[in-house]
Amino acid sequence: MGFTSNLCLWITFCLHLCCFINTGKAQNAKEVILLDSKAQQTEMEWISSPPSGWEEISGLDENYTPIRTYQVCQVMEPNQNNWLRTNWIEKGDAQRIFVELKFTLRDCNSLPGVVGTCKETFNLYYQETDSEVGRNIRENQYVKIDTIAADESFTQGDLGERKMKLNTEVRIIGPLSRRGFYLAFQDVGACIALVSVKVYYKKCWSIIENLATFPDTVTGSEFSSLVEVEGMCVSDAEEEADNSPKMHCSAEGEWLVPIGKCICKAGFHQKGDACEPCGRGFYKSSSQDLQCSRCPAHSYNDREGSWRCDCEDGYYRALSDPPSVACTRPPSAPQNLVYNINQTTVSLEWSPPADTGGRNDVTYRIMCRRCSWEPEECVPCGGNVGYSPQQAGLVDTYVSVVDLLAHANYTFEVEAVNGVSDLSRTQRLFAAVTCLVPTAPSQVSEVIKERVQQRSIQLSWQEPELPNGVITEYEIKYYEKEQKDRIYSTVKSRSTSATVNNLKPSTAYVFQIRAFTAAGYGTFGPRVEVTTKEEASGTSLQNPVIIIAVVAVAGTIILVFMVLSYYMSQLHFPEHNKTPLCFHAVVCSENTLSPLSKHEMLLFLKGHESWASLSILTGEFGEVCSGRLKLPGKRDTSVAIKTLKVGYSEKQRRDFLCEASIMGQFDHPNVVHLEGVVTRGKPVMIVIEYMENGSLDAFLRKHDGQFTVIQLVGMLRGIAAGMRYLSDMGYVHRDLAARNILVNSNLVCKVSDFGLSRVIDDDPEAVYTTTGGKIPVRWTAMEAIQYRKFTSASDVWSYGIVMWEVMSYGERPYWDMSNQDVIKAIEEGYRLPAPMDCPPGLHQLMLDCWQKERADRPKFDQIVGILDKMIRNPNTLKTPVGTCTRPISPLLDQSTPDFAAFRSVGEWLDAIKMERYRDNFTAAGYSSLESVARMSIEDVMSLGITLVGHQKKIMSSIQTMRAQMLHLHGTGIQV
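FYI, in mature numbering (1 follows the signal peptide of the UniProt record, and there is no 0) the residues of the sequence shown are -26 to -1, 1 to 949.
Below, the structure written as structure tokens:
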């Protein structure tokens, strides 16, 4: 026993030493501990059989904490069979159990006298049970796990050197099927001490991966098995489509092979392993989006976790618009709506709206209403009216409305729509025009057979009772009576008579006539039957008396024409011998015309003489009357009568008739048409076509601001076309001004007042020089003022002034400046600035017309071409399309501030009392006056300046600023 006791002391010392040297390992986070003897500080009371075998003793760990261990050292006696059994261990969910043993074992060679009885191993067993089975150990009920041998044993010398180490062995039990089990240790004669026994199983602890929670999962029963686990999405997350989250728990308690994932729902974004709601003012429309986004323009939200933002008042989002799209609004009304009537078809054309509502899906739809002559009595046009290309969904800015009723009043509304127009509750915005569809002329009913020959028939007729416009031609339909109208021919005539040739002798023909106006053809009149003469049988000599008479008449006519030609060759103008002869049809009746009287006169126009009846309907006002003119074969029409007052001199009479002579040579739709002249009697009269709206300058002042830019450009185009015609004819007008332009009811402008007009050589550079007379300074070119040299180029200068008059609605050029101030300003290079709201393209054309060198000015045919381009494509109005590149300094308003004195945009805004928009300009990046000078009206509107008055005030100041910069620096500023 002494040896045994001494050995026990060694073992106890060894326990202390081993615990001191081998510090304990941290607990594996993947392990679930079922038993840990080292953690038991009180007696464990395991069952030892026999009782004298395994002995429970106390020891100290490295922290000097008491621990309980078991030891046995019955090496001196043979045939040892010492059993030690643990208490019952409940396994829980585990199927695979790990057993970790830490022990020390004495080397048998270090023990004297124990050869044959000493062992260096022990056996490990287990027994599965569903509950505790008592304290008896039945060896046959245990299953052997393994024989445990020490890797290192110790000797007595090791105790002195303090080098002993614990042995650690791990064994696996499983798979287990009962609720619990016992462990048993069998000693067969070793000197051993169980320092600790730890029983555990492994599991994969719960984890959040890809926004999915995976619960604690016990490892599989096999070493190579993987346990598949489905994850559960965290709060406010959802599974990705067809990709549910899964992971696999390995036998070592590690999560492997992640499959699928969860994503944050709409309105939530990922932060770490959780989904947080989007903040106020942010949204997330789809779970597929990664982050929350700030609300788009014109939208908001005031709650967290929003999947979309609500639109501000007046803004909308179409059903097809994603939440990421800014809220938009309906477009404004189309601009510059104009129409053209061709028979019963109305063509409408317009410009896009100034505000598209922030969308690019703008289309147009047309509303047509037919109105009675009573106000506000209109009905929809219905299905009888056609639209080309279509009525709604128009992408282009034009449409033709066909099959309208003649002589009916129509109102057309053009509305610009986009994807949110139908959602808006605000008032619809549209452009509207009202027009009267002209009526075709009535029937030609009074047909006269003037002359019937063997192979020709001459017919004449009266103008229809209701011409409903200007009749431009007649169509004569004829066919042989026997053929009826199966085969027919037509002849056209511009007058109320016609001769039909190539007919058959002795054949009955049927004739019908219809008239044509801008509204189209009228219906054919009643049938008129005429039979041609029989063909003469044989030839016979003509009556010699008739032959002599014909020759005599012909000789008389020739003699009269010779006399007239000689008389006309003696007439000439005093100032220029190349001016055409004054009006030479001076053979008139001796009747004296007076106001409110009716007289016969000899009407002469372009070589044709005919008697006419003239009624003066209104008294004289100035030198112009209005009246009615009745020509043979035509119904009476309205005319204007220009008179020469009583007391005139012979020179005044010649000049007066000279103007008529000049007018009589012109035939152009934009030049006033001469109807006739009365030269005998008092007062001498010139009869011209009636222009309902009078002079252009007064007409514009009366209708200030009522026309679109395209309508104004159309007026300018007509004037330019008339001047191109005069220039091609070799005439210089010399007095072109808005006061000398007349306007009819259809807004057609015509050049008039040819009192100063003169003809020049065919050479385009030819000059007409005058030595006296008054000059309209404000409309006259520099060289004409200084040297009295007039050319077509000087007329171009005047045309530029007319353009300025039109765009300013009849404002007086150069305002209240004196003529001398105007002349001085022009010589110094100043030019009129652009009128308010005048497009840059038009002002550039004005500047081209005002070039100092007349050779640098555009020709009238160039001007017509530029204006045609502007009409066809209104967008060109925004960009200067001039014919010259040399910059011109506009005339400065001396009352405006000197922009060179301003050091910043803020100072400029303060000076024009618009300081409230400082932040608007700064935010948009306008940091210098040079950048401001390049702004357009669209740029000003984009700054959020919505008041029209403020827009105009700022743009007016910018235009003046631009003019000063041009003058001071001599450089062009692109607009």
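Heads up, the beta-carbon is just placed ideally off N, CA and C, and yes, glycines get one too.
What is the rounded straight-line gap between the Cα of residue i and the Cα of residue j?
| i | j | result |
| --- | --- | --- |
| Ser863 | Ala300 | With a pLDDT of only 39 at Ser863, under 50, the local geometry of the prediction cannot be trusted, and no value is derived from it. |
| Gln925 | Gln680 | 19 Å |
| Asp795 | Val838 | 32 Å |
| Glu503 | Ser726 | 47 Å |
| Thr934 | Val336 | 35 Å |
| Leu477 | Ile487 | 17 Å |
| Glu624 | Ile759 | 29 Å |
| Asn55 | Gly163 | 7 Å |
| Ala672 | Arg268 | 57 Å |
| Arg890 | Gly880 | 10 Å |
| Val375 | Val353 | 16 Å |
| Val776 | Thr754 | 11 Å |
| Asn37 | Thr187 | 39 Å |
| Ile932 | Cys283 | 39 Å |
| Ala271 | Gly331 | 12 Å |
| Tyr274 | Met206 | 34 Å |
Along the chain, where does the alpha helix (DSSP H) that runs through residue i open and close?
| i | result |
| --- | --- |
| His817 | 814 to 823 |
| Tyr699 | 683 to 702 |
| Lys176 | That residue, Lys176, is in no alpha helix (DSSP H); its beta strand (DSSP E) goes 165 to 178. |
| Ala885 | 879 to 885 |
| Phe895 | 892 to 897 |
| Arg846 | 834 to 846 |
| Tyr761 | 756 to 761 |
On the CB-based measure, 16 or more other CB atoms within 10 Å of its CB, does residue i come out buried or exposed?
| i | result |
| --- | --- |
| Leu410 | exposed |
| Leu883 | buried |
| Tyr156 | buried |
| Cys165 | buried |
| Gly815 | buried |
| Trp824 | buried |
| Ala366 | exposed |
| Trp789 | exposed |
| Tyr290 | buried |
| residue 952 | Missing from the structure shown is residue 952; the chain here goes from -26 to 949 and no further. |
| Pro657 | buried |
| Ile7 | exposed |
| Trp798 | Before going on, a small fix: residue 798 reads as Lys here, not Trp. Lys798 is exposed by the Cβ-count criterion. |
| Leu293 | exposed |
| Thr413 | buried |
| Ile928 | buried |
| His817 | buried |
Tell me where the beta strand (DSSP E) around residue i begins and ends.
| i | result |
| --- | --- |
| Val725 | 723 to 725 |
| Leu477 | Here Leu477 belongs to no beta strand (DSSP E), and DSSP marks it neither H nor E. |
| Gln106 | According to the sequence shown, residue 106 is Glu rather than Gln. First-last for Glu106: undefined, no H or E at that position. |
| Ile461 | It is not in any beta strand (DSSP E) - Ile461 carries neither H nor E in the DSSP assignment. |
| Lys604 | 598 to 604 |
| Lys676 | From DSSP, Lys676 is part of no beta strand (DSSP E) but of the alpha helix (DSSP H) over 670 to 676. |
| Asp120 | 117 to 123 |
Cβ-heavy atom distance between residue i and the ligand HEM below 8 Å?
| i | result |
| --- | --- |
| Tyr453 | The model on display carries no ligand, and the ligand HEM is accordingly not part of it. |
Runs of alpha helix (DSSP H) lying entirely within the segment 612 to 653, each at least 4 residues, in chain order: Runs of the alpha helix (DSSP H) inside the segment 612 to 653: 624 to 638.
The segment 174 to 194 / the segment 228 to 235 touching (three or more Cβ pairs under 8 Å): With the cut-off at 8 Å, the segment 174 to 194 and the segment 228 to 235 touch.
Stretch-stretch touch, CB-based, cutoff 8 Å, three pairs: the segment 301 to 319 with the segment 404 to 424: Touching, per the Cβ criterion.
Unbroken stretches of the alpha helix (DSSP H), 4 residues or longer, contained in the segment 224 to 306: None, since the segment 224 to 306 contains no complete alpha helix (DSSP H) of that length.
The segment 35 to 52 contacting the segment 103 to 123, beta-carbon criterion three pairs below 8 Å: By the criterion of at least three beta-carbon pairs nearer than 8 Å, the segment 35 to 52 is not in contact with the segment 103 to 123.
The segment 386 to 406 touching the segment 417 to 433, judged by at least three CB pairs closer than 8 Å: With the rule of 3 Cβ pairs closer than 8 Å, the segment 386 to 406 does not count as touching the segment 417 to 433.
Inter-stretch contact (C-beta, 8 Å, three-pair minimum) for the segment 619 to 630 and the segment 706 to 718: No, they do not touch.
At least 3 beta-carbon pairs within less than 8 Å: the segment 92 to 106 vs the segment 143 to 156: Result yes; three or more Cβ-Cβ pairs closer than 8 Å.
Touch test, the segment 785 to 793 against the segment 694 to 710, Cβ-Cβ under 8 Å, three pairs minimum: Remark: fewer than three beta-carbon pairs, one from each stretch, lie closer than 8 Å, so the segment 785 to 793 and the segment 694 to 710 are not flagged as touching.
4 or more residues per run - each alpha helix (DSSP H) lying fully within the segment 773 to 814: Within the segment 773 to 814, the complete alpha helix (DSSP H) runs of at least 4 residues are 793 to 801.
Beta strand (DSSP E) runs wholly inside the segment 339 to 374, at least 3 long, in chain order: Note on the segment 339 to 374: whole beta strand (DSSP E) runs with a minimum of 3 residues are 352 to 354, 360 to 362, in chain order.
Contained beta strand (DSSP E) runs [length at least 3] in the segment 9 to 53, N- to C-terminal order: For the segment 9 to 53, whole beta strand (DSSP E) runs of length 3 or above, ordered along the chain, are 21 to 23, 29 to 34, 40 to 47.
Whole runs of the beta strand (DSSP E) within the segment 393 to 451, excluding any shorter than 3 residues: Within the segment 393 to 451, the runs of beta strand (DSSP E) at least 3 residues long that lie entirely inside it are, in chain order, 404 to 411, 421 to 426, 431 to 435.
Meets three-Cβ-pair contact criterion under 8 Å: the segment 236 to 254 and the segment 207 to 224: Here the segment 236 to 254 lies against the segment 207 to 224, with 3 or more beta-carbon pairs under 8 Å apart.
The segment 457 to 465 contacting the segment 419 to 429, beta-carbon criterion three pairs below 8 Å: No, they do not touch.
Validate contact between the segment 760 to 775 and the segment 825 to 835 using beta carbons, cut 8 Å, 3 pairs: Counting C-beta pairs with one atom in each stretch, the segment 760 to 775 and the segment 825 to 835 have three or more that are closer than 8 Å, which means they touch.
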